[in-house]
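Here the sequence shown is numbered in our numbering, starting from -1 and rising by one per residue. Each remark here refers to the structure printed beneath this line.
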Amino acid sequence: MIIILMGAPGSGKGTQSKRLVDHFQIPHLSTGEMLREAKKRGDETGRQIAECIDSGRLVSDDLILHLVEDRLSQPQYQRGCLLDGVPRTTVQAMRLDELFRRHAWTLDHVVALSVPQTELVRRLAARAKVEGRADDTPETIARRMDVYDKQTAPLLEFFRSRGLLREVAAVGSAEDVFQRVLSAVNGQA
Ligand code: AMP
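Structure (structure tokens):
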């Protein structure tokens, strides 16, 4: 089973990913986490990644596709996975589509977590206090929202037109949201 989880920064992708991978017993592939690991290494690539993440911009499609292809070639990903935070651009969506076709993998669901903008900003400001993520400053949050609206949100239509999109209201408790996600994936929403 392959599931793509989409949502603006602060929509709860991380929390819902954990529940989904536990429930479906599939590996989790988070490009944000992979990039934060690469950033910590501090080499030239790590420095370039840090510049993008810390300013709220996207890293290059080539780098993302390289990381994702590499990860998906590992044996534990052959049964499927949860893709969290990718694709984020049309180019990434097209190239992932090609990759799935080459391996004869089927994309089962695209779950999009919907949260009103004011609530997103409130959550990210709260997370900044608790986690101290370098990309949770007010300026970076604003840029990440803008990047999401301009570069990632158009993908919702791409997946909707293919009948794969399951939109879920991601407000309320994490458990309530998860139950809505499950209903959506199981075709009851
Ligand atoms: P996330 O943890 O998914 O919110 O990602 C944190 C940051 O990593 C983003 O703001 C981007 O700078 C970068 N990033 C994560 N995934 C991608 C992607 N698929 N394409 C480009 N940049 C990404």
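Cβ coordinates follow ideal geometry from the N, Cα and C atoms, glycine included. Please read these numbers as outputs of a predicted model, since none were measured by experiment.
message: When you measure from the CB of residue 130 to every non-hydrogen atom of the ligand AMP, does any distance come out below 6 Å?
response: The sequence position of residue 130 within the sequence shown is 132, counting from 1. Because no heavy atom of the ligand AMP lies under 6 Å away, the Cβ of residue 130 does not count as near it: no.
query: For residue 79, is the beta carbon positioned less than 6 Å from some heavy atom of the ligand FAD?
result: In the structure on display, the ligand FAD does not appear, and the ligands it does have are the ligand AMP.
field: Validate contact between the stretch 157 to 173 and the stretch 99 to 117 using beta carbons, cut 8 Å, 3 pairs
entry: Contact holds: three or more Cβ-Cβ distances are below 8 Å.
query: Beta-carbon separation of residue 19 and residue 80 under 7 Å?
result: Numbered from its first residue, the sequence shown carries residue 19 at position 21. Numbered from its first residue, the sequence shown carries residue 80 at position 82. Closer than 7 Å, so yes.
message: Could you compute how far the alpha carbon of residue 49 sits from the alpha carbon of residue 42?
response: The count along the sequence shown starts at 1 and reaches residue 49 at position 51. The count along the sequence shown starts at 1 and reaches residue 42 at position 44. Their Cα atoms are separated by approximately 11 Å.
- prompt: Under the criterion of a Cβ to heavy atom distance below 6 Å, does residue 86 qualify as lining the ligand AMP?
  reply: Along the sequence shown, one-based indexing puts residue 86 at 88. The answer is yes for residue 86.
- request: Give the DSSP bridge partners of residue 107, in chain order.
  value: As a first step, residue 107 must be located in the sequence shown, where it is residue number 109. Answer is 1, bridged to residue 107.
- prompt: Taking the runs of the alpha helix (DSSP H) that are 4 residues or longer, which of them lie wholly in the stretch 69 to 104?
  reply: Listed in chain order, the alpha helix (DSSP H) elements of length 4 or more contained wholly in the stretch 69 to 104 are 88 to 101.
Under 7 Å between C-beta atoms of residue 51 and residue 29: Start at 1 with the first residue of the sequence shown, and residue 51 comes out as number 53. Start at 1 with the first residue of the sequence shown, and residue 29 comes out as number 31. No.
task: Measure the alpha-carbon distance for residue 160 versus residue 102 and round it to whole angstroms.
output: Against the sequence shown, residue 160 aligns to sequence position 162. Against the sequence shown, residue 102 aligns to sequence position 104. When rounded, the distance between both Cα atoms is 17 Å.
field: Cβ distance (whole Å) where residue -1 is taken to contact residue 78 below 8 Å
entry: Numbered from 1 along the sequence shown, position 1 holds the residue referred to as residue -1. Numbered from 1 along the sequence shown, position 80 holds the residue referred to as residue 78. Sure, about 4 Å apart at Cβ, within 8 Å.
message: So, for residue 86: in the same chain, excluding its five sequence neighbours on each side, which residues have a beta-carbon less than 7 Å away from its beta-carbon?
response: To locate residue 86, count along the sequence shown from 1; it is residue 88. The answer, listed in chain order, is 56, 149 and 150.
Residue 123 versus residue 174: straight-line alpha-carbon distance, rounded: Counting from one through the sequence shown, the residue named residue 123 turns up at place 125. Counting from one through the sequence shown, the residue named residue 174 turns up at place 176. When rounded, the distance between both Cα atoms is 22 Å.
message: Taking 8 Å as the cut-off, does the stretch 64 to 78 touch the stretch 125 to 140 (at least 3 CB pairs, one atom from each stretch)?
response: No, they do not touch.
task: Answer with buried or exposed for residue 90, where buried requires no fewer than 16 other C-beta atoms within 10 angstroms of its C-beta.
output: Position 92 of the sequence shown holds residue 90. Residue 90 comes out buried.
task: Compare the beta carbon distance of residue 6 and residue 118 with 7 Å and say whether it is the shorter of the two.
output: To locate residue 6, count along the sequence shown from 1; it is residue 8. To locate residue 118, count along the sequence shown from 1; it is residue 120. Inclusion of residue 6 and residue 118 in the CB contact set at 7 Å is warranted, their separation being smaller than that value.
query: the ligand AMP heavy atoms versus the CB of residue 138: any closer than 6 Å?
result: For the purposes of this step, residue 138 is identified with residue 140 of the sequence shown, where counting begins at 1. It does not: the Cβ of residue 138 is nowhere closer than 6 Å to a heavy atom of the ligand AMP.
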